[in-house]
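Input: a single structure, listed below in structure tokens.
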């Protein structure tokens, strides 16, 4: 990866530092006790201002996710599905309530610690792929490692990182397109690269926001096959937002949002 290509990545590294975050990383790295949730929401409330009015998107959301569980979050448009996922990922903060990861509260963490959390423990996949256009598929997959490590450490282990990134591209069926840039890839191929990127740091939870929403039915089914395989073979915990009930039916657990709350069946 050339210096010109990595300029944007080096800027991002400034917020992922060591020292004050060691204790948090040690807590997050510990095994989840048997029977305990790996990720949970407690009475989450989220309100947005719309002109002079306040709109309550979430109104006291509670649910738990067990290790190795595949959870689908469903609901009508505007029900707060993506808002909830963003709160779980600490991309946004609740107005009230708490989010816990492995018995540690995470919604109130300082920005740098949230960066560490997302870089090491929570993989993210979005409807829009957010690949860096100047990088190849292989280089895009390695971006989280470049952000997490010092420049010296990254270059020292670059060959090992490349091998792992290539292995992930093989897993998602994209090995032959590793050298291609995003503009040379189809939507399904870009999503495959985004999934591989989300897995490169071996996260404990994969959070996916409408991962098939921008794809046709056939390609969407292929993406779901990849996610289901990761869940079944690697025991990867997955939380996925979807508007498609047939896709949600593939999950172990479905959380349905109605009027900003979890519908109790």
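Residue numbers (the numbering used here): 9 to 273.
Heads up, the beta-carbon is just placed ideally off N, CA and C, and yes, glycines get one too.
For residue i, the residue or residues it bridges with in DSSP
i           : result
residue 79  : 247 and 261
residue 61  : 58
residue 106 : 50
residue 269 : 266
residue 235 : None, per the DSSP bridge assignment.
residue 112 : 109
residue 216 : 133 and 248
residue 72  : 48
residue 67  : 53
8 Å CB neighbourhood of residue i in its chain, flanking five on each side removed
i           : result
residue 180 : 200, 201, 203, 204 and 234
residue 267 : 67 and 87
residue 95  : 49, 52, 54, 66, 101, 102, 107 and 115
residue 189 : 141, 142, 143, 144 and 145
residue 183 : 174 and 177
residue 253 : 82
residue 64  : 53, 54, 55 and 268
residue 258 : 78, 80, 232 and 236
residue 243 : 75 and 76
Beta-carbon proximity list for residue i, same chain, < 6 Å, skipping 5 on both sides
i           : result
residue 221 : 135
residue 128 : 209
residue 48  : 72 and 108
residue 260 : 77 and 78
residue 62  : 55
residue 133 : 202, 203, 206, 216 and 219
residue 159 : none
residue 251 : none
Residue environment, residue i, which counts as buried when at least 16 other CB atoms sit within 10 Å
i           : result
residue 212 : buried
residue 245 : buried
residue 56  : exposed
residue 141 : exposed
residue 185 : buried
residue 110 : buried
residue 102 : buried
residue 131 : buried
residue 149 : buried
residue 6   : For residue 6 there is no data in the structure shown, the boundaries of the chain being 9 and 273.
residue 45  : buried
residue 278 : This structure cannot speak to residue 278, because the chain is shown only from 9 to 273.
residue 98  : buried
residue 118 : exposed
residue 172 : buried
residue 256 : buried
residue 147 : buried
Beta-carbon proximity list for residue i, same chain, < 7 Å, skipping 5 on both sides
i           : result
residue 90  : 217 and 249
residue 153 : 162, 169, 208 and 209
residue 69  : 49, 52, 92, 269 and 270
residue 197 : 182 and 185
residue 139 : 148, 190, 198, 201 and 202
Inset, instruction - Examine the Cβ distances between the region 253-265 and the region 61-80 and report whether three or more of them are shorter than 8 Å. - result: yes
Legend entry - Contact the region 109-124 vs the region 222-229: 3+ CB pairs below 8 Å: no
Inset, instruction - Could you name each continuous alpha helix (DSSP H) segment of 4 residues or more that falls completely within the region 120-200, going from the start of the chain to the end? - result: 145-156, 159-164 and 166-179
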